[in-house]
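Chemist:
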Amino acid sequence: WQKKVILAEDNAADVALTKISLQRYADTIEIAHCSDGEAVIRLLKKVPAETISYILLDLNMPRMSGIEVLKIMAQETAWA
């Protein structure tokens, strides 16, 4: 069973560094990258909440900030 990690980050260098940092866990985690908050919400609507282990959320993203994502997540009982 792989843990699903959502990496919400718009900076390519930060994405690369995070993936390098998590490489040692490559056989136990699956990383789904989203470059903006809207993409995070779209992914959360597609994927069952119980399959997501962690969300690494950048607070300053285009289209929808990480704070806005958290507010939307708090309103949805499946994500809260």
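At position 62 of the sequence shown (counting the first as 1) the number is 114 in this note's numbering, and the numbers step up by one without a gap.
Glycine residues also receive a C-beta, built at the ideal position from the N, C-alpha and C atoms.
(1) Kindly indicate the opening and closing residues of the beta strand (DSSP E) around residue 57.
(2) Kindly indicate which three-state DSSP category residue 126 falls into: helix, strand or coil?
(3) For residue 74, report the span of its alpha helix (DSSP H) as first-last.
(4) According to DSSP, simplified to helix, strand and coil, what is residue 108?
(5) Comparing alpha-carbon positions, which option in 62, 131, 54 lies nearest residue 98?
(6) Rounded to whole angstroms, how far is the Cβ of residue 74 from the Cβ of residue 86, which I believe are closer than 8 Å?
(7) With DSSP as the reference, label residue 78 as helix, strand or coil.
Modeler: So, to answer that:
(1) 55-60
(2) helix
(3) 64-74
(4) strand
(5) 131
(6) In fact, because the Cβ distance is near 16 Å, the residues do not count as touching under 8 Å.
(7) coil
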